[in-house]
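Asks:
Next comes the structure, spelled out in C-alpha cells:
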C-alpha cells in the first residue's frame, strides 16, 4: 500500500500513485488520516507494509516503510529508499 506524508506536494502524490500502479499496489490518499488509521486500513486489506512517499530535495522523493503487525501494532522499518 502506498500513501504520502502529510502536506505533500502534488508531484509527490502523483509519484506515489504512479509507483503504486506500476507495482500493482493500492494507493490511499493520506488527507487527514493518521498513521494509526492507515495501519488499520492496511491490516484490514491484508497488507504487510505501507510505503510512505515524502518530498525530498531537488524534485526527488524518499520512501519510508511502515511494517504492519498482525496484532494491530506497527513500526517504522530501518529501510529508506531515495
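In the numbering used here, the protein residues as written are 164 to 245.
Note that beta-carbon positions come from the ideal geometry of N, C-alpha and C, so glycine has one too.
1) CA-CA distance, residue 240 and residue 222?
2) Run through the DSSP bridge pairs and tell me what residue 217 is partnered with.
3) Give the DSSP-derived three-state secondary structure of residue 202 in the structure shown.
4) Mark residue 201 as exposed unless 16 or more other C-beta atoms lie within 10 angstroms of its C-beta, in which case mark it buried.
5) Check each candidate in 211, 172, 165 and name the one with the smallest Cα separation from residue 187.
Replies: Concretely, from the data shown:
1) Within the chain shown, residue 240 is the residue found at index 77, counting from 1. Within the chain shown, residue 222 is the residue found at index 59, counting from 1. Taking the straight line from one Cα to the other gives about 24 Å.
2) Within the chain shown, numbered from 1, the residue matching residue 217 stands at position 54. The partner list for residue 217 (beta bridge, DSSP) reads 225.
3) The residue labelled residue 202 in the question sits at position 39 within the chain shown. Reduced to three states, the DSSP call for residue 202 is helix.
4) Along the chain shown, one-based indexing puts residue 201 at 38. The residue is buried, with at least 16 neighbouring Cβ atoms inside 10 Å.
5) For the purposes of this step, residue 187 is taken as the residue at position 24 of the chain shown. Checked all of 211, 172, 165; the closest Cα to residue 187 is 165.
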